[in-house]
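Listed in order, the protein sequences are those of chains A and B.
0 is the number of the first residue of the first sequence in numbering that gives the first Met the number 0; add one for each residue after it.
0 is the number of the first residue of the second sequence in numbering that gives the first Met the number 0; add one for each residue after it.
One structure is given below, encoded as structure tokens.
2 protein chains.
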Amino acid sequence: MANPALNIEAKRSESLPAVFRRYRSDISFALRESLAGDGLAVNPMLRYSMGWADADGKPIDATEGKALRPTLCLLACEATGRSAREAIPAAVSLELIHNFSLIHDDIQDHDEMRRHRRTLWAVWGEPKALVAGNALRTIADRCLWRLVDSGVGFAAAMDVEKTLTAAYLDMIEGQFLDLHYEGRPDISLSDYFGMISLKTGALIRGALVLGAMVGTDDPGTVDAFRKCGRSLGLVFQIRDDILGVWGEEEFTGKPVGADIRRKKNTFPVVYAMSQARGRDQEKIQEIYGQPAVGDEDVAEVLGIMQRVGARQYAEDLAAEQSRLAMNALEPLELAPEALEDMREVTQFLLVRDH
Amino acid sequence: MANPALNIEAKRSESLPAVFRRYRSDISFALRESLAGDGLAVNPMLRYSMGWADADGKPIDATEGKALRPTLCLLACEATGRSAREAIPAAVSLELIHNFSLIHDDIQDHDEMRRHRRTLWAVWGEPKALVAGNALRTIADRCLWRLVDSGVGFAAAMDVEKTLTAAYLDMIEGQFLDLHYEGRPDISLSDYFGMISLKTGALIRGALVLGAMVGTDDPGTVDAFRKCGRSLGLVFQIRDDILGVWGEEEFTGKPVGADIRRKKNTFPVVYAMSQARGRDQEKIQEIYGQPAVGDEDVAEVLGIMQRVGARQYAEDLAAEQSRLAMNALEPLELAPEALEDMREVTQFLLVRDH
Numbered sequence: 000m001a002n003p004a005l006n007i008e009a010k011r012s013e014s015l016p017a018v019f020r021r022y023r024s025d026i027s028f029a030l031r032e033s034l035a036g037d038g039l040a041v042n043p044m045l046r047y048s049m050g051w052a053d054a055d056g057k058p059i060d061a062t063e064g065k066a067l068r069p070t071l072c073l074l075a076c077e078a079t080g081r082s083a084r085e086a087i088p089a090a091v092s093l094e095l096i097h098n099f100s101l102i103h104d105d106i107q108d109h110d111e112m113r114r115h116r117r118t119l120w121a122v123w124g125e126p127k128a129l130v131a132g133n134a135l136r137t138i139a140d141r142c143l144w145r146l147v148d149s150g151v152g153f154a155a156a157m158d159v160e161k162t163l164t165a166a167y168l169d170m171i172e173g174q175f176l177d178l179h180y181e182g183r184p185d186i187s188l189s190d191y192f193g194m195i196s197l198k199t200g201a202l203i204r205g206a207l208v209l210g211a212m213v214g215t216d217d218p219g220t221v222d223a224f225r226k227c228g229r230s231l232g233l234v235f236q237i238r239d240d241i242l243g244v245w246g247e248e249e250f251t252g253k254p255v256g257a258d259i260r261r262k263k264n265t266f267p268v269v270y271a272m273s274q275a276r277g278r279d280q281e282k283i284q285e286i287y288g289q290p291a292v293g294d295e296d297v298a299e300v301l302g303i304m305q306r307v308g309a310r311q312y313a314e315d316l317a318a319e320q321s322r323l324a325m326n327a328l329e330p331l332e333l334a335p336e337a338l339e340d341m342r343e344v345t346q347f348l349l350v351r352d353h
Numbered sequence: 000m001a002n003p004a005l006n007i008e009a010k011r012s013e014s015l016p017a018v019f020r021r022y023r024s025d026i027s028f029a030l031r032e033s034l035a036g037d038g039l040a041v042n043p044m045l046r047y048s049m050g051w052a053d054a055d056g057k058p059i060d061a062t063e064g065k066a067l068r069p070t071l072c073l074l075a076c077e078a079t080g081r082s083a084r085e086a087i088p089a090a091v092s093l094e095l096i097h098n099f100s101l102i103h104d105d106i107q108d109h110d111e112m113r114r115h116r117r118t119l120w121a122v123w124g125e126p127k128a129l130v131a132g133n134a135l136r137t138i139a140d141r142c143l144w145r146l147v148d149s150g151v152g153f154a155a156a157m158d159v160e161k162t163l164t165a166a167y168l169d170m171i172e173g174q175f176l177d178l179h180y181e182g183r184p185d186i187s188l189s190d191y192f193g194m195i196s197l198k199t200g201a202l203i204r205g206a207l208v209l210g211a212m213v214g215t216d217d218p219g220t221v222d223a224f225r226k227c228g229r230s231l232g233l234v235f236q237i238r239d240d241i242l243g244v245w246g247e248e249e250f251t252g253k254p255v256g257a258d259i260r261r262k263k264n265t266f267p268v269v270y271a272m273s274q275a276r277g278r279d280q281e282k283i284q285e286i287y288g289q290p291a292v293g294d295e296d297v298a299e300v301l302g303i304m305q306r307v308g309a310r311q312y313a314e315d316l317a318a319e320q321s322r323l324a325m326n327a328l329e330p331l332e333l334a335p336e337a338l339e340d341m342r343e344v345t346q347f348l349l350v351r352d353h
């Protein structure tokens, strides 16, 4: 396997691939429109959570995320033959659901910071943040109906909706498994893969599937994008896990070893637990069994990870999945530009530093 | 206005109206079916929250609620001309959404008991309960699709879905306003009515509207049920508020004055704040401005409520709304049995003691 670590350094300062920029303004406009006009009392919180306003409701320079899921959705729609515009309602819905899940995740994890800003519950308290998350989720549903306005028939729109709801239920089940596995030292790699294919995989896979469903009626094409999405979800999450352990604070906003300190069941630690032997095995299980994890413990776990080669293994695995993601699309004979876009996104997910 | 207090005593030991019993087994079967077959890890929590299983997953004698919303939905469908069976997917969806909202409400309020059982978060912790609530909400969406199987066309099914989602968003906005008003002594009766018409009103109104939408294409008929539902929602909530202040523990599971102790902005207190003068006015605002409310404060507020006649006023208002609910249906010339069913439900909501 190739060593993607070399790429990481080369790419660290690079901005997002062109395809993210291409769709950005359309996505941003549609997202803002989705939250406009209701006059809901909960709206200022939603605008804050989307990164458009400060806690007093004043507009700020957008600190939006990279809109990965909407971008994948529009890209798949365009690649399979229809205008990206037609998939906008699905793209917006995906991003709102993603943001909703972040709001509730932050409550669950008691995280006070995200994207270098205070989280919603940290500003407004848990009860209001919980309700605001639910509002965002419902607005996401509402957005999807516009598929019918954008030319998709009722039956097809309902199919898209069923697929999104199924993806969403998968995501929730994955979140539940993640909580269920917390503090357990016996989580296998297979448990881990099962959990992340739901928790993060579902929406990433769903983004490509939804876009392809709007773009084409051909089930084989949709299925190829589903396979691609499955691998891409793994690339995304393994990279996320690598950053959670070895990411640099200036990029991720979190200190090295952050996920170890929080005893998260991420890939490097699950791998280390499965590979460590003797004293290392006892030690890592002991640390993950403790109520709290200190600096020395973090250093200890980092040492064990190093001895079993966890980082290299994770990077190789992500690189392999990035190849599988592209292979899945091969039989489709997509336009060269579409393939190149997909390759750029895949490569970005493999090497991103935040 | 008539004094419904006399009815209360007479009805206290009576069981639910016949119409609740008529639909009960169909609703119960469909609810259980909605949660079967997934094999989700979150399922045992959902079965517990529905009152079908204990915390270890063992089946228990059902402690289900009265299924008010599903019953209203099926009743409206049958009254407007189609078989109640066709509205079952909407009825199930409404009940799951209601139960979802209870799960999240209990987290927000830190309530450890509901229906004489420990709440979901009290058993499994907040993070898992939050996720389980989200799962239930998503399963509710999924149930609604069966409308198409039960003979409702795609376009009509999507209309029903839009209406349910709008009702749901209204409910969330109402929950948000309720939190927003917490601890504020300046909430007017108009604020209060606006808030409860969303928080509780939306789903009760939605239940009748959804049932009527499945039952008939006539917008006038649907609108009459909407008007009826608006009044019925008020009857329900005012009665709830009366029970929250003066309800007896053996029926409600809460001590007298429970809602005062929790500084809830319920009808009797909002009314008392608007009517009290001089020392009473200062005192009630002072108590609601305190961080905690003790036994003496509760007694003081109860005294002020008595002096302004809050209970009588609330009961008269509920009785008036119960008449308006029935008046709204008059132009429809429903079958006498259907009208009698609606009258029984309305009367029950007016005098229920739990």
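The C-beta atom is built at its ideal place from N, Cα and C for all residues, glycine as well.
Predicted, not measured: the structure shown is a model, and the values here were computed from it.
Closest residue to LEU207/A among LEU34/A, LEU348/A, ASP53/A and ALA75/A (Cα-Cα distance): ALA75/A
Residues that ALA52/A bridges to, as DSSP identifies them: Paired residue(s): PRO58/A.
Nonlocal neighbours in the same chain, by C-beta distance under 8 Å from LEU163/B, ignoring five residues either side: ALA89, SER92, LEU93, ILE96, LEU143, GLY205 and LEU209
Any chain A beta carbon closer than 8 Å to GLU172/B: yes
Beta-carbon spacing of GLU320/B, LEU233/B below 8 Å: For the sequence presented, residue 320/B should be read as Gln rather than Glu. In contact: GLN320/B and LEU233/B (Cβ atoms closer than 8 Å).
Residues of its chain near VAL41/B, where Cβ-Cβ distance is below 6 Å and the 5 sequence neighbours each way are ignored: Residues of the same chain with a CB within less than 6 Å of the CB of VAL41/B, apart from the 5 flanking positions on each side, are ALA131 and ALA134 in chain order.
Any C-beta of chain B under 8 Å from that of GLN107/A: yes
Complete alpha helix (DSSP H) runs within the segment 68–95 of chain B (minimum length 4 residues, chain order): none
Proximity of THR118/A and GLU111/A at Cβ, strictly below 8 Å: yes
Own chain partners of PHE235/A with C-beta closer than 7 Å, once the 5 adjacent residues on each side are dropped: THR199, ILE203 and LEU348
C-beta contact flag for SER230/A and MET170/A at 8 Å: MET170/A is positioned such that its CB atom lies no closer than 8 Å to that of SER230/A.
8 Å Cβ cutoff, VAL130/A in contact with chain B: yes
Cβ-Cβ separation, TYR180/A to PHE266/A (assumed contact under 8 Å), whole Å: In fact, because the Cβ distance is near 13 Å, the residues do not count as touching under 8 Å.
Residues that MET157/A bridges to, as DSSP identifies them: DSSP output for MET157/A lists no bridge partner at all.
Simplified DSSP state of ARG278/A, which is helix, strand or coil: Reduced to three states, the DSSP call for ARG278/A is helix.
Neighbour-count burial assignment, GLU8/B, 16 or more Cβ in a 10 Å radius: Note that GLU8/B scores a pLDDT of 34, beneath 50, so its modelled location is shaky and nothing firm can be said.
Any chain A beta carbon closer than 8 Å to LYS140/B: Sequence check: residue 140/B is Asp here, not Lys. Cβ-Cβ to chain A under 8 Å: yes for ASP140/B.
MET112/B - partner residues in DSSP beta bridges: ARG117/B
Residue-chain proximity (LEU338/A, chain E), Cβ-Cβ < 8 Å: No chain E appears in the structure shown, which is made up of the protein chains A and B.
Within chain A, partners of MET157/B - CB distance below 8 Å: Going along chain A in sequence order, the residues near MET157/B (Cβ under 8 Å) are TRP144, VAL147, PHE153, ALA156 and MET157.
Boundaries of the alpha helix (DSSP H) in which TRP144/A is found, first to last residue: Where TRP144/A is concerned, there is no enclosing alpha helix (DSSP H), given that its DSSP letter is neither H nor E.
At least three beta-carbon pairs within less than 8 Å, the segment 320–333 of chain B to the segment 285–304 of chain B: Not touching, per the Cβ criterion.
Nearest residue (CA-CA) to GLU336/B, options GLU285/B, ALA309/B, GLU77/B and TYR47/B: GLU77/B
Bounding residues of the alpha helix (DSSP H) (the contiguous stretch that carries ILE259/A): Judged by DSSP secondary structure, ILE259/A falls within the alpha helix (DSSP H) whose first and last residues are 257–260.
Same chain only: Cβ atoms within 8 Å of ASP185/B, ignoring 5 sequence neighbours per side: None.
VAL307/A vs ALA275/A beta-carbon contact at 8 Å: yes
CB contact flag (VAL292/B, LYS262/B, <8 Å): yes
Best match in THR137/A, THR345/A and PRO58/A for proximity to GLU172/B [C-alpha to C-alpha]: Comparing Cα positions, the closest option is THR137/A.
Spatial neighbours of GLY150/A in its chain, beta-carbon cut-off 7 Å, leaving aside the 5 residues before and after: GLU85
Contacts around ASN6/A, its chain only, beta-carbon distance under 7 Å, and the 5 residues preceding and following it disregarded: In this prediction, ASN6/A has a pLDDT of 42, which is less than 50 and means its spatial position is unreliable; what the coordinates show is noted afterwards. Cβ within range, chain order: VAL350.
Expected contact under 8 Å - CB spacing of LEU71/A and VAL344/A to nearest Å: 7 Å
Chain-order list of residues whose beta-carbon lies under 7 Å from that of ARG260/B (same chain, five-residue window excluded): VAL292 and VAL297
CA nearest to the CA of LEU338/B, picked from PHE28/B, THR79/B, ARG278/B and GLU299/B: Residue THR79/B is the option with its Cα nearest to LEU338/B.
Within chain A, the residues that VAL41/B reaches when beta carbons sit closer than 8 Å: ILE171, GLU172 and PHE175
Three-state class that DSSP yields for PRO16/A in the structure shown: coil
Chain-ordered residues of the segment 84–115 of chain B with a beta carbon less than 7 Å from chain A: HIS103, ILE106 and GLN107
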